[in-house]
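Residue numbers 144 to 221, in my numbering, belong to the letters of the sequence shown in order. Every residue gets a Cβ at the ideal spot worked out from N, C-alpha and C, and that includes glycine.
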Amino acid sequence: MAAGVKAAELREHSDEELVTKLREAKAELFNLRVQAATGQLDNNRRLQVIRREIARIYTIMRERELGLSAAPTEVTAS
């Protein structure tokens, strides 16, 4: 079963980690589209899951840009 990443899990990541996850998701989406075009795609649902994951990442990035939510702060142990 193809399961995507929950929004709550994504909100725990820093901005840099979100950008990294976005790049990985876009690369996977590209590979899935190539597989679909060549008839090698086994799981069609994975395309939709990745597209929604990309949308979630963009939404969280926009929320932070608008100040609706904040990036997690690291707590240093003293």
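Contact belief for residue i with residue j at Cβ below 8 Å, rounded distance in angstroms
| i | j | result |
| --- | --- | --- |
| Ile203 | Leu153 | 5 Å |
| Arg189 | Leu175 | 6 Å |
Whether residue i touches residue j by CB criterion (9 Å)
| i | j | result |
| --- | --- | --- |
| Arg199 | Val148 | yes |
| Ser157 | Ala214 | yes |
| Gln178 | Leu184 | yes |
Chain-order list of residues whose beta-carbon lies under 6 Å from that of residue i (same chain, five-residue window excluded)
| i | result |
| --- | --- |
| Leu209 | none |
Alpha-carbon to alpha-carbon, residue j and residue i
| i | j | result |
| --- | --- | --- |
| Lys164 | Glu171 | 10 Å |
| Ala151 | Tyr201 | 14 Å |
| Met144 | Glu160 | Caution is warranted here: a pLDDT of 41 is assigned to Met144, below 50, making its placement in the model unreliable, and the coordinate value is therefore given only provisionally. Met144 and Glu160: Cα-Cα distance of roughly 25 Å. |
Own chain partners of residue i with C-beta closer than 8 Å, once the 5 adjacent residues on each side are dropped
| i | result |
| --- | --- |
| Arg194 | Leu172 |
| Arg207 | Asp158, Ala213 and Ala214 |
Residues near residue i by beta carbon distance below 7 Å, same chain, minus five either side
| i | result |
| --- | --- |
| Glu155 | Pro215 |
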